[in-house]
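Before any comments, here is the structure.
In this note's numbering, the protein residues as written are 78 to 194.
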């Protein structure tokens with residue numbers, strides 16, 4: 078099961094048209110789903126995380142993005158790392174944050190639930 082989304086992740090950058098620029102579509106896979114995300118090739122992995130937070134339940138700080146087997150930093154540019162149209166990126170939930178969520182739920186404490194304040 079997957080979803081498709083088109084986003085303009087960053088303001089238009091004033092650069093000359095060279096290889097690696099323009100809109101690309103990246104397939105972002107999770108454990109059970111995939112999302113086709115259209116984004117400027119000159120965007121950063123941090124900008125990609127912002128878009129993914131809109132289509133997943135994970136905030137950017139909860140996300141780990143892997144491309145070609147390596148976790149990528151938020152400030153790395155997609156085109157500089159070699160991400161091209163139709164490439165795949167793996168999205169994982171940060172295990173430390175996942176554990177904190179589970180511990181919070183197990184202790185019965187409400188987590189960011191305004192109805193339980």
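We treat Cβ as the ideally placed atom computed from N, Cα and C, and that holds for glycine.
- When the Cα atoms are used, residue 140 and residue 169 turn out to be separated by approximately 6 Å.
- Looking at the backbone, the Cα of residue 113 and that of residue 175 are separated by about 24 Å.
- The C-alpha of residue 109 is placed about 23 Å away from the C-alpha of residue 101.
- Beta bridge pairing from DSSP links residue 154 with 121.
- Measuring C-alpha to C-alpha distances from residue 107 to each of 145, 122 and 165 identifies 165 as the nearest.
- At a Cβ-Cβ threshold of 7 Å, residue 99 and residue 118 count as neighbours.
- Looking from the CA of residue 171, the closest CA among 136, 123 and 154 belongs to 136.
- Taken through DSSP and simplified to helix, strand or coil, residue 180 comes out as helix.
- Per DSSP, residue 160 lies in no beta strand (DSSP E) segment and is marked neither H nor E.
- Judged by DSSP in its simplified three-state form, residue 131 adopts helix.
- In chain order, 141 and 142 place their CB closer than 8 Å to the CB of residue 148, counting only its own chain and leaving out the 5 sequence neighbours on each side.
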